[in-house]
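Student:
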Amino acid sequence: MKSNDPEDVELFDIISEMLTYEPSQRITLGSALDHRYFKRLAPHLRLHESGASSNGSSTSSVAATAAATVVSAQAIVISGTSDGNGEER
62 MKSNDPEDVE LFDIISEMLT YEPSQRITLG SALDHRYFKR LAPHLRLHES
112 GASSNGSSTS SVAATAAATV VSAQAIVISG TSDGNGEER
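Take the sequence shown: its position 44, counted from the start at 1, is 105 in the numbering used here, and no numbers get skipped.
(1) In the DSSP assignment, find the unbroken alpha helix (DSSP H) run with D74 in it and report its ends.
(2) Assuming R107 is part of the alpha helix (DSSP H), what are its boundary residues?
(3) Please classify S85: does DSSP put it in a helix, a strand, or coil?
(4) Tell me which residues share the same chain as G91 and place their Cβ nearer than 7 Å to its Cβ, disregarding the 5 neighbours each side in the sequence.
(5) Ordered along the chain, which non-local residues of its own chain (more than five positions away) have a Cβ less than 8 Å from that of I88?
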């Protein structure tokens, strides 16, 4: 089933950009947050434009945490490529 709904098209566009295999070609965190899919949100609902969070931390620390999570997830995927005998699968 293929949808021509603009919101669906934009959603699949950003997902595709996030799943790009080559890291140098993959969308950055900042670019992803500025993607047109998220422009549909009211400004006060956009995490990266809301200033400080309710606990007083800045959005830059939220972005740094998100980036660290992505790096950690990538490390898990990379470290999971061994067959347990020191050989890559």
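No residue lacks a Cβ here, since even glycine has one placed at the ideal position from N, Cα and C.
Note that the structure is a prediction, hence the values are computed from the model and not measured.
Tutor: Taking the coordinates as given:
(1) Counting along the chain, the alpha helix (DSSP H) containing D74 begins and ends at P67 to M79.
(2) From DSSP, R107 is part of no alpha helix (DSSP H); its letter is neither H nor E.
(3) Secondary structure of S85 (DSSP, three-state): helix.
(4) Nothing meets the Cβ criterion.
(5) Cβ-Cβ distances below 8 Å link I88 to I75, E78, M79, T81 and H96 in the same chain, with the five nearest sequence neighbours on each side left out; the list follows chain order.
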